[in-house]
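> Per mature numbering (1 follows the signal peptide of the UniProt record, and there is no 0), the sequence shown runs over residues -18 to -1, 1 to 234. Don't be surprised by glycine CBs; every beta carbon is placed ideally from N, CA and C. Here it is, the structure, as structure tokens.
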Amino acid sequence: MQLKVLITVAAIVSSVFGAVTVPIQKGNSGLAGCRIDKIREKIGKFNAVTNSAPLLDIQDELYATNVTLSDGNLFRIDLDTGSSDTWIRGSNCYGDKSCSGSFAVYSDFNFTGLYYLVEYGSGAVAGAVFKAGVTLAGLTANFLIGLSEIEIDIGGSDGLLGLGFSSIGVISSFISPLKGIGGNWVDALNLNNPVFAFYLSNANDGDNGEVTFDGYDSSKFTGNITWIPLINYVTDYLGNPSPGYWIFDFSG
Ligand SMILES: *[C@@H]1O[C@H](CO)[C@@H](O)[C@H](O)[C@H]1NC(C)=O
Ligand SMILES: *[C@@H]1O[C@H](CO)[C@@H](O)[C@H](O)[C@H]1NC(C)=O
Ligand SMILES: *[C@@H]1O[C@H](CO)[C@@H](O)[C@H](O)[C@H]1NC(C)=O
């Protein structure tokens, strides 16, 4: 179980400074300094974005994007940095009014025999776990996703794609990544540059937001990137220390 303690790091930054791009990097210099330094060096040189998707500003409440599932259907999902699991509304969904809109048909996917329950800061979802392909921004990962059977107080989207570390996930920690399955969507992509970035904007201003993976969009900001250490650590399901939520010291 987890709480959506941290809603969106980037959103907090955005509300203070206006629209900025915050490249968010997985990892921490204290644990894997060498690797992180390499990634930093690489990112410093990397300024071409190949994988981006427009953000949909849903009533100034959440940022969503279109994803395609391996059944060929399109879903509008919430991008959430405060959780790590991906789920889509399933054809068996019941509960409150959350269970309306597009849904994925169970028989189109491979059932794993596993079930999940995820509680958020507001709302909860439960259902069955399937192996499926999820395509976003031109990138496809085959991994474990949930199809909801019960949704309580989930609104505005057909599902959710978690961009948090899999150490705080439910579905994403079911089967060890060491066995070739598990992890969140970004883990499953196995990118050269394990990076995602948001450009947040207010749709009312006629400016469209953007999410990028495997790099960032250097046309969306000026100046140099500043690196900030993450401060929230947990023990993951393999017993190793791992970042938990994307939390950093704002005064630093
Ligand atoms: C998302 O998909 C819907 C349905 O096809 C489409 O109307 C909308 O333009 C798409 N939005 C973006 C930003 O791609
Ligand atoms: C589902 O199972 C079938 C049969 O084993 C396999 O061909 C297919 O690739 C699987 N789909 C996914 C998304 O793993
Ligand atoms: C960005 O970093 C470079 C190299 O450290 C430095 O020369 C330059 O002044 C910095 N630019 C800004 C806007 O801080």
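#1: Note down the Cα distance separating Val168 from Leu96, rounded to an integer number of angstroms.
#2: Please list, in chain order, all residues of the same chain as Ser73 whose beta carbon is under 6 Å from its beta carbon, the five residues on each side excluded.
#3: In three-state terms, what does DSSP make of Asn124?
#4: If you check the beta carbons only, do Ile59 and Leu143 fall under 7 Å apart?
#5: Is the Cβ-Cβ distance between Leu171 and Leu121 less than 7 Å?
#6: Alpha carbon to alpha carbon, what distance is there between Gly151 and Ser130?
#7: Using a 10 Å radius around the Cβ and a threshold of 16 neighbouring Cβ atoms, would you call Asn186 buried or exposed?
#8: Considering only residues of the segment 38 to 74, which uninterrupted beta strand (DSSP E) runs meet the minimum length of 3 residues and lie entirely inside it, listed in chain order?
#9: Are there any heavy atoms of ligand 1 lying less than 6 Å away from the beta-carbon of Pro36, as far as the coordinates show?
#10: Should Thr204 go down as buried or exposed, given a rule of 16 or more other Cβ atoms within 10 Å for buried?
#11: Is Asp67 closer than 7 Å to Ser139 when the C-beta atoms are compared?
#12: In its own chain, which residues sit with a C-beta less than 7 Å from the C-beta of Phe93, not counting the 5 before and 5 after it?
#13: So within the segment 94 to 139, which uninterrupted beta strand (DSSP E) runs reach at least 3 residues, ignoring any that extend past its ends?
#14: At which residues does the beta strand (DSSP E) containing Val193 begin and terminate?
#15: Distance, Cα to Cα, Ser183 vs Leu61?
#16: Just verifying my parser: in three-state terms, what is the DSSP assignment at Asn186?
#17: Mind listing which residues have their beta carbon within less than 5 Å of any non-hydrogen atom of ligand 3? Chain order is fine.
#18: Kindly indicate which three-state DSSP category Pro225 falls into: helix, strand or coil?
#19: Which class does Leu143 belong to by DSSP, given the choice of helix, strand or coil?
#20: Which residues does DSSP pair with Asn92 in a beta bridge?
Taking the definition as stated:
#1: Position 186 of the sequence shown, counted from the start, is the residue given in the question as residue 168. Position 114 of the sequence shown, counted from the start, is the residue given in the question as residue 96. In a straight line, the C-alpha of Val168 is about 21 Å away from that of Leu96.
#2: Translated into positions along the sequence shown, residue 73 becomes position 91. Cβ neighbours of Ser73 beyond the five flanking positions: Phe85, Val87, Tyr88.
#3: Position 142 of the sequence shown holds residue 124. Here Asn124 sits in strand by DSSP.
#4: Position 77 of the sequence shown, counted from the first residue, corresponds to residue 59. Position 161 of the sequence shown, counted from the first residue, corresponds to residue 143. In this structure, Leu143 lies closer than 7 Å to Ile59 by Cβ.
#5: Against the sequence shown, residue 171 aligns to sequence position 189. Against the sequence shown, residue 121 aligns to sequence position 139. Yes.
#6: Working through the sequence shown from its first residue, we reach residue 130 at position 148. Working through the sequence shown from its first residue, we reach residue 151 at position 169. Straight-line Cα distance between these residues: approximately 16 Å.
#7: Start at 1 with the first residue of the sequence shown, and residue 186 comes out as number 204. The residue in question, Asn186, is exposed, as its Cβ has fewer than 16 Cβ neighbours within 10 Å.
#8: 38 to 40, 44 to 51, 56 to 62
#9: Counted from its first residue, the sequence shown places residue 36 at position 54. For ligand 1, at least one heavy atom lies less than 6 Å from the Cβ of Pro36.
#10: Locating residue 204 in the sequence shown gives position 222, counting from the first residue. Exposed.
#11: Position 157 of the sequence shown, counted from the start, is the residue given in the question as residue 139. Position 85 of the sequence shown, counted from the start, is the residue given in the question as residue 67. Cβ distance not < 7 Å, so Ser139 and Asp67 don't count as in contact.
#12: As a first step, residue 93 is located in the sequence shown; it is residue number 111 there, counting from the start. So the list reads Ala110, Phe112, once near-sequence residues are dropped.
#13: 106 to 118, 121 to 134
#14: Within the sequence shown, the letter at position 211 stands for residue 193. Element bounds for Val193: 192 to 195.
#15: By 1-based counting over the sequence shown, the position of residue 183 is 201. By 1-based counting over the sequence shown, the position of residue 61 is 79. The straight-line gap from Cα to Cα measures roughly 15 Å.
#16: As a first step, residue 186 is located in the sequence shown; it is residue number 204 there, counting from the start. It is helical.
#17: Gly205, Asn206
#18: Here residue 225 corresponds to residue number 243 of the sequence shown, with the count starting at 1. Of the three classes helix, strand and coil, the one that applies to Pro225 here is strand, per DSSP.
#19: For the purposes of this step, residue 143 is identified with residue 161 of the sequence shown, where counting begins at 1. It is a strand residue.
#20: Within the sequence shown, the letter at position 110 stands for residue 92. Asn92 is bridged to Lys113.
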